[in-house]
Every structure is written in C-alpha cells, then in structure tokens.
Amino acid sequence: MKVFGFHGGIHPPENKKQSTRASVRHLPIPKALVIPTQQHLGLAADPVVSVGDRVLKGQTIAEPVGRISASLHAPTSGTVTAIEAQPVPHASGLDAECIVIESDGLDQWIDHQPIDYKGIERTELVKQIRQMGIAGMGGAGFPTDVKLNLGSDHIVTTLIINAAECEPYITADDKLMCEHASEILEGIKIIQHLLEPTHTLLGIEDNKPNAIRALNEALAEADIDLDLVVVPTKYPSGGERQLIQLLTGVEVPSGKIPADIGIVVQNVGTAQALHRAINHGEPLIQRIVTVTGEAVEHPGNFWTLLGTPFSDLLSAADLKPGAMHRLVMGGPMMGVAVETDSIPVIKTTNCLIAATESEMPEAPAAQPCIRCGMCEQACPAQLLPQQLYWFAKGKEFEKAKNHNLFDCIECGACAYVCPSSIPLVQFYRYAKSEIRAEELEQRKADHARERFEARQARLEREAIEKAERRKARAAEAAKAQAERKKQSESSAGKDDTAALKTAAAVARTKLKKAEVALKNAQDKGLEGIDTLQATVDKLKQAAVEAEQALQSYSATETTASKTDKREPTPAKPDLKALKQQVSIMRTKLKKAEAADDVDESEIESLKARLEEASQAYADADNALIELAKTAGIDLKQLRIDLAMAKVAVTKIERAISKSDDETEQETLKADLETAKAYFTRLESQLKPYE
Amino acid sequence: MSSIVIAILVLTVLALIFGVILGFAAVRFKVDGDPIVDQIDALLPQTQCGQCGHPGCRPYAEGIAAGEAINKCPPGGQTTIDQLAELLNVDSVPLDSEHGVEDVRKVAYIREDECIGCTKCIQACPVDAILGAAKLMHTVIVDECTGCDLCVEPCPVDCIDMLPVATNTLNWKWPEPPQTNNLIATDRQPHLEENAS
Chain A
27 MKVFGFHGGI HPPENKKQST RASVRHLPIP KALVIPTQQH LGLAADPVVS
77 VGDRVLKGQT IAEPVGRISA SLHAPTSGTV TAIEAQPVPH ASGLDAECIV
127 IESDGLDQWI DHQPIDYKGI ERTELVKQIR QMGIAGMGGA GFPTDVKLNL
177 GSDHIVTTLI INAAECEPYI TADDKLMCEH ASEILEGIKI IQHLLEPTHT
227 LLGIEDNKPN AIRALNEALA EADIDLDLVV VPTKYPSGGE RQLIQLLTGV
277 EVPSGKIPAD IGIVVQNVGT AQALHRAINH GEPLIQRIVT VTGEAVEHPG
327 NFWTLLGTPF SDLLSAADLK PGAMHRLVMG GPMMGVAVET DSIPVIKTTN
377 CLIAATESEM PEAPAAQPCI RCGMCEQACP AQLLPQQLYW FAKGKEFEKA
427 KNHNLFDCIE CGACAYVCPS SIPLVQFYRY AKSEIRAEEL EQRKADHARE
477 RFEARQARLE REAIEKAERR KARAAEAAKA QAERKKQSES SAGKDDTAAL
527 KTAAAVARTK LKKAEVALKN AQDKGLEGID TLQATVDKLK QAAVEAEQAL
577 QSYSATETTA SKTDKREPTP AKPDLKALKQ QVSIMRTKLK KAEAADDVDE
627 SEIESLKARL EEASQAYADA DNALIELAKT AGIDLKQLRI DLAMAKVAVT
677 KIERAISKSD DETEQETLKA DLETAKAYFT RLESQLKPYE
Chain B
3 MSSIVIAILV LTVLALIFGV ILGFAAVRFK VDGDPIVDQI DALLPQTQCG
53 QCGHPGCRPY AEGIAAGEAI NKCPPGGQTT IDQLAELLNV DSVPLDSEHG
103 VEDVRKVAYI REDECIGCTK CIQACPVDAI LGAAKLMHTV IVDECTGCDL
153 CVEPCPVDCI DMLPVATNTL NWKWPEPPQT NNLIATDRQP HLEENAS
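Read top to bottom, the protein sequences are chains A and B.
Just so you know, we're using our numbering here: the first sequence kicks off at 27 and counts up by one.
Just so you know, we're using our numbering here: the second sequence kicks off at 3 and counts up by one.
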C-alpha cells in the first residue's frame, strides 16, 4: 500500500514504552461510580432512573435526546444515590449533571444476548447500536450510530480504521490491539456490513510493532477484507483528516466532513466496543485507560468502568505521594490539566498523565511573536498559525474565521515548535469559542426577532378581529334600536297619555293666544277680525277635540284622569337625570375618540346617542320653560338673574375681604345682605322648576 | 454643419437607449423596503427592551437609518455600536449611559410561589416567553427570554427576578490567554515575578 503524506507535523518524545510493558489490568469495582450525562458530542442524555433505584450492570440509566446523543448504562449493579451536579471531565472545570451509582459489589448483569446483525434490518441494527450507547472512543465522542447511518446521499467508498494513536504517552489502543485484535476485526465486520465500503484500510503508526503483529495474526485467521497500512510515526497522523490524507492522498475540503467525500473513519476502540455490543449484547460501560507519567510507580493500562474516579486509577498505578505536579486528562498535546482527581472516567477518556514537575514544568512566559514562520511549517492543516494568532489577539475574529480558523484541529504542533513559547492553541480556542458564542447570540437574536414579529402580527390580527366583532355588535344594537322605535311608534297611537295630554295642552295654549289676539284686535278696532275669529273658532274646535280624545282615553284608563286634573308640577327628577345622561354620553364619546384603536362606527353611534340625549334634555328644558310661563315666570330670565345675583354676592364678598376701611366694609356688608336676600328670593322662585 | 447634426442625433439616440435601459432596470430590479434598515436591524440584539426609547429593535433601526445616534442600545453594548459604526461608516462612540449600562446577560425568573396569575407579565413580554393563564402560576421559557426587563415593572407582587445566566459546560467559553507585551527586558520583569508568585 502506498502511503501518502500530509503537511507539517512534529516528532515529540513518544513516552509510550512506560505503559506498554505490563498487560492490561482490571481495576477493582469502585465504591461509587459517577456517570456524567454528557459523555459525547451533542445533547446530554436524559436520566431514566431516579434516586433510590436499584440498577443492574448494563441497565439503561439515561436515554439519548435528539439525533446526536448517546444512551448511558449502569457500569455495575448497585443503587442510584444521587442525580446531581458533580465535577466532570471538561476543560472548564465546571460541574455538570451526573448519575451517581453506589456499587453493591455483586456486579450482576442484566439479561443480555448477542444480536445476529446479519439477520436483522439495517435500521434495526443502527437502533441497537444507539441503544448500546456507542460513541467514538478516539477522543471526540461522536455518536457512532449517526456515523454508521448516513443518508442515501452519502456513498461510502472507503472505511478507515484509525489505529494510529499518534499522541505521546497514550497506549490504550496499542494494548487493545495487542490483546483483542480478533475482537477489533469482528467489530470492523459490523461496520463493513452497515456501510458496505469498497475497501477498508487500517492505519497504524510504525511505533507499535506488537500491535501490528497481533493484527496480522488475527487477519490471517479472520475472513475479512482489510488492508493494514503502516504509516511512519509523526504527530498528528491520528487526526481524522490527516489519516485520510495519509492513506488516500485525498484532502477533506474545508467545512466538509469525510463522509462528503465518501470516507468514514472509526477508531479501533469503537470497533471493539461495537463487537462487544452486538456479538455479546454488552453496552459500552468500560474502556481501556492509560495511566502513566513519572508520578506513578507502575504505569500501565486498565480496563476501567465508566464513572470510575481518577483517584482510583491513580492508586491502582501506585501514585507516588507528593510527586504529582499536574494531572492531565488526555495526551500531553491535546489534553487538559484538571484540578481534582475526583473526576470520573467517561467514554472518551483514553489517558491520564500524572506528571512530575520536571516532566511537565510550567510553560515559560510567552515572548513576542517574531514571525519566524515555524508554526506554519508545523501546521498539519496548512493554516497560517501566526496570522490566526494576531487576529485572535487583536480580537479580529471575523478575519480569523476568514483565515479558516475552524479548520484548526487544535493539535498543538504550532505551539510545540514556537520559539517564543506562545500558547497558540489557547488563542485559537479562545477565538473559536468567542465566534461560536457570537454565532449563537446571532441565532438567538434572529429567533427573538421572529418571535417578536410573530407576536406583533398576532396582536394586529386580534385588533382587527376585535374591531370587526365590535362593528357587528354595533350594527346589531342599531337594528334592535330601530325595531324598538318602530314598535313604540306603532303603539304610540293607542296608549300614550303623555302625547295626548301635550296635544290637548298645546291646543289650549294656542286657543288662549288666539283669543288674546282677537280681544286686542276687537279693542283697537283693527282689520282682519273675521279671520282671527275664524282661527279662534277653529282652534276652539281643535282644543275641544283634543280634550275629548284625552277624556275618552282617560275613561278607559281611570288613573290617567286623576293625574290629568292634578296641578302641573315640574318634572323635577327628569331634568337632572337627562342632564347627567348628556354629560355621560359626552365623556363616553371623548373616551372613544381618545382611544388608540379608534372605532368609527362606535363613535358614530355614540355621537347619535349624545345628540339624542341632548335633544331630550333640551326638550325637557323647553317644556319646563313653557310650564313656568303658564305660572307667569320667565324661566330663562330668572336663571340669568340668579346667576347674576350669585356673581354679585361673590363680588361683594371679595371686596369685603380686600378692603381695609371699616366704614366701607360696613356699607359693603349691607350691600351683601341685600344681594343675598335677592339671591335667596330668586332661588326659592326657581326651585320648583329645577 | 452636418457633423454637428449627426453628433446630436447620435447622442440623442444613445441617451434614449440608456434611458430605456435605466428605466427598465429601475422597474425590474426595484428594491422594496429600506435595505439599510434590515442591515441595522440584523446587528441589533433583538431584546425588544425599549431602552433606546423605541418600541422594539426595528423601530430603532429605522431611527438610526433616519440619522439617530447609534449608542442607545445597552443590551448590544460596545460590540453592537462598533458594528453599527462600521456598517454606517461613522465614528464609534461610547454607550450613552442615559439609556442604561452594559450588563451581563440575564433571564427573567418568576418566583412561582408568589405569582398570583395576573397575566400582566405575559402581556408585557415582547417575545411571548412567559407561559401561564389567568389565576394560574406563570413561568418563563428560559431559552426564549431575551432578558429585556419589561415583565418586571408590570408585576403587581414583584415576584420576577432578573437572574444572570449561569455558566455551564455548554455555554462556557475558553478564557482569553494573558496578553504579554514584554518587548524589552524591563517589561518582562513584573510578568515573570507574577508567574513566580
């Protein structure tokens, strides 16, 4: 097989020998297992157990949420004692939701059986893999079922099994291949069954001769179409894109995933986990972890249950007391230092380095960049690290993005070669997370805008609907009113005493007036007496008729006749009520006009009602004036006089309070008395008519 | 003489042709609405908080397009002002403190025991992020809340708090590496001491 090359790369000290001497040991079952719900890329799993539940080994304790997620299983039998925030293996050092299981030491398996993957539907198999909680064990933890269930738009031509394990110190995959080579091949068969690639390559660095030998032996026995490709040792040949380039010579385009060019890469550890899950029915509950570093007496690899705290691993490797200066999770190039050893092992934990101070001293203070260009020579992604550094430092994130910052795999090769010991990767991580946060913010803003606009549209629609309803109501009310009017009109002829009375009164008044006029004319001997006489006669006739009509009506309505004979008393409460009505209508109208959503039809109807009310008030007032006239009082004049008297009283009062002269005050007081007396008289006169 | 006439004719014909093309382009490629308002609106944080004095982000975007100051948006902060300045090609100015100060991102939280179910906050929320019904307890959909503050004021029992968004493993950001400007030896000295301590 031809091996291609990739740009850049470095050759750091390997430090792998320390941990490969001993065979993989099994760690005793820890007392308590802490299982973070987020052990993979994508959304955190959702716990399906509650505190106090007894769980068996392999029992599902959390279900995946969404497409990119993985389920979790109890690594041993025991009791769920808590579901709470605990320290998790994350660069932030923050706490996150974890399921805590206290082991009972029985290690009792739940019922499980192998699956005949060739005999079931492909979708069923993918579902099974998802239920088994398999996620990429190389480092990123991408859910495997998603990678194995590509859409029909992705045709996989090449399957690459990543066994490069290029990062110094880590030997977990190496030992796995040495001891479980045939299991890995079985797992690869499952992947081949699902993806049906035209050829399968297994890339392994030439610094693992034992693993290569073991794989070759297994290959000789197994019936599998697989090419073992030994690649030269160079960091980071185990990077997904770098390994693809090494084995196929094809570069994955920027912003694309390998599947877009027909390639899928799986880690050897994942393949072995798949084999255990499908051919044995065992979900992913354990993995090999390398424990190394100068601070441990017996470095080596351990089969570790997920959720085992780092402290258990360190003591199993005989940590030298006081020697540990730094505890690094992952390799020395891409790993992160952690503060506490209570952090648990998760699906992606491949290595723990307990380093002494001489092994991993504090990074020297960063010097200014001298633009030597060594980082560019080392970059396996062919980026311009120093340019990205300047952009990140100057917070010009947009420019950094345009210089393909997101193609950076954070391998640390640039920082490794930097003569100024600038923590370049930290700058890139910082810039990346700033850009991601900004993009998230932008998405949130767009979402908020959408919701805001949707709400505005809804409010508008509701306002229109409300207006329409109101219009319909107003129309209905108008119709009902018209009907009422019609009814009252048709019944007026029959039973309206008031109308008859008014008619009779009017006839009487007219007659009186005409008689007075006639008398005047007769006295003065004026012309046209005949016509006046005729008018008087006619009016007399009309008055008599009106009286008769009233009489006849009163005859039927016995009570009506009594009220008829009563002295004409002013309609006192009527006037006040009417006045009130008018002012109420006016306020209503004003309110309606001032309202935000002016409803024309309502205002119209209000106006009409105001008109009506004021008309009624005016009519009543006129009637009163007429009535007062019959008593020989000019009501209008009386009202004006009263108002003037009131003004006079207040004027005199004010003058009294202003004047200093006593005699003047005396006279003014006398005036006030007379004015007040006049006012009271007028008031008493007016009283019966108000 | 005839050459002048020909020149005039040619120019007239050309003017007519170009006029027709321009007229067609004006109709065919007519841009509806004001694109600058959209661009400004895209930069604003869409909290719809009204701190700028406008009833929402879009009205403020329209205001900016009409010449209003660009520094009235406290939720957007200096970042938004800088972006607006770049877009509009004007000088960046500091945030106008009259309209508020830049603050950490917050979300509303209803103390549910104290809520009387008056629905006043629901009506105030510009993005419909509060759930509830009359006389029933209300709650905030945290993912939808823009932290605009508008629900706090109408609450008759003051049971709404504005809480800063907690950092978790999902929204955690890598910190900025320490800046080093130790160009000469004397610059470097305090930094080394700091490291040693």
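Ideal Cβ positions, reconstructed from N, Cα and C, are used throughout, including at glycine.
Relative to the C-alpha of residue i, which residue among the options is closest?
i               : options                        : result
D151 of chain B : B:P180, B:V144, B:A110, B:A131 : B:A110
D199 of chain A : A:A343, A:N327, A:E383         : A:N327
R324 of chain A : A:H306, A:A343, A:G307, A:A71  : The amino acid at residue 324 of chain A is misidentified as Arg; the sequence shows His. It is A:A343.
A58 of chain A  : A:L331, A:P406, A:K684         : A:L331
L300 of chain A : A:I490, A:T170, A:T375, A:P335 : A:T170
A493 of chain A : A:Y454, A:K539, A:E628, A:I379 : A:E628
P252 of chain A : A:G357, A:I216, A:G265, A:E277 : Contrary to the premise, residue 252 of chain A reads as Leu rather than Pro in this sequence. Per the Cα distances, A:I216.
M355 of chain A : A:G348, A:V364, A:L310         : A:V364
L712 of chain A : A:R665, A:D249, A:Q218         : A:R665
F432 of chain A : A:K419, A:E147, A:Y442, A:S459 : A:S459
A122 of chain A : A:E89, A:T107, A:V91, A:V60    : A:V60
I372 of chain A : A:E231, A:L310, A:E422, A:L202 : A:L310
If you draw a straight line from the C-alpha of residue i to the C-alpha of residue j, how long is it?
i               : j               : result
A654 of chain A : D687 of chain A : 44 angstroms
I143 of chain B : R302 of chain A : 42 angstroms
G119 of chain A : V74 of chain A  : 26 angstroms
L632 of chain A : K511 of chain A : 17 angstroms
K463 of chain A : T105 of chain A : Lys is not the amino acid found at residue 463 of chain A; the sequence shown has Ala there. Rounded to whole angstroms, A463 of chain A to T105 of chain A spans 39 angstroms at the Cα level.
Q181 of chain B : A392 of chain A : 9 angstroms
T595 of chain A : C120 of chain B : The pLDDT assigned to T595 of chain A is 48, lower than 50, so where the model puts this residue is not dependable; a value taken from the coordinates is nonetheless given after this. Going by the C-alpha atoms only, they are around 54 angstroms apart.
C127 of chain B : C153 of chain B : 6 angstroms
N73 of chain B  : P37 of chain B  : 21 angstroms
A285 of chain A : V182 of chain A : 7 angstroms
R592 of chain A : S578 of chain A : In this prediction, R592 of chain A scores a pLDDT of 46, lower than 50, which makes its location untrustworthy; the coordinate-derived value is nonetheless stated afterwards. So the two alpha carbons sit approximately 18 angstroms from each other.
V50 of chain A  : T375 of chain A : 16 angstroms
A246 of chain A : S208 of chain A : 10 angstroms
Q44 of chain A  : Y261 of chain A : 19 angstroms
I125 of chain A : S337 of chain A : 18 angstroms
T102 of chain A : P335 of chain A : 14 angstroms
P179 of chain B : P445 of chain A : 18 angstroms
I610 of chain A : R635 of chain A : 11 angstroms
N233 of chain A : R475 of chain A : 56 angstroms
E388 of chain A : T49 of chain B  : 44 angstroms
S280 of chain A : E436 of chain A : 15 angstroms
E424 of chain A : Y415 of chain A : 13 angstroms
Can you check DSSP and say which residues form a bridge with residue i?
i               : result
N293 of chain A : A:N188
S103 of chain A : DSSP, once it has assigned bridges, lists no residue as partnering S103 of chain A.
Q157 of chain A : Partner(s): none; Q157 of chain A has no beta bridge.
G326 of chain A : A:V317
G229 of chain A : A:N188, A:V255
V354 of chain A : A:A363, A:I379
H33 of chain A  : In DSSP, H33 of chain A forms no bridge with anything.
W135 of chain A : A:K83
T197 of chain A : DSSP, once it has assigned bridges, lists no residue as partnering T197 of chain A.
I61 of chain A  : A:I125
Considering only the beta carbon of each residue, do residue i and residue j sit closer than 8 angstroms?
i               : j               : result
L45 of chain B  : Q80 of chain B  : no
N305 of chain A : G164 of chain A : no
P62 of chain A  : T366 of chain A : no
E193 of chain A : M359 of chain A : yes
C147 of chain B : C123 of chain B : no
Q85 of chain A  : I136 of chain A : yes
Q65 of chain A  : G177 of chain A : no
A404 of chain A : G34 of chain A  : yes
Could you run through the segment 456 to 468 of chain A and flag, in chain order, every residue whose CB is less than 7 angstroms away from some CB of chain B? So the close ones are Y456, S459, E460, A463.
Contact list for the segment 54 to 85 of chain A against chain B, Cβ threshold 8 angstroms: Q64
Select from the segment 97 to 127 of chain A all residues with a C-beta closer than 8 angstroms to any C-beta belonging to chain B, and list them in chain order. V114, H116, A117, S118, L120, A122
Taking any Cβ of chain A, which residues in the segment 73 to 99 of chain B have a Cβ under 7 angstroms from it, in chain order? Residues are counted here when their Cβ sits less than 7 angstroms from a Cβ of chain A; for the segment 73 to 99 of chain B the count is zero.
Output, in sequence order along the chain, the residues in the segment 436 to 456 of chain A whose CB is closer than 7 angstroms to any CB in chain B. P449, Q452, F453, R455, Y456
Of all the residues that make up the segment 127 to 147 of chain B, which are near chain A by a beta-carbon distance shorter than 7 angstroms? Those residues of the segment 127 to 147 of chain B that come within reach of chain A (Cβ to Cβ, closer than 7 angstroms) are P128, V129, D130, E146.
Just by C-beta distance, which residues in the segment 155 to 168 of chain A are closer than 7 angstroms to chain B? none
Going along the chain, which residues of the segment 154 to 179 of chain B sit with their C-beta nearer than 9 angstroms to a C-beta in chain A? Shown in chain order are the members of the segment 154 to 179 of chain B whose Cβ falls below 9 angstroms from a Cβ of chain A: T169, N170, T171, L172, N173, W174, K175, W176, P177, E178, P179.
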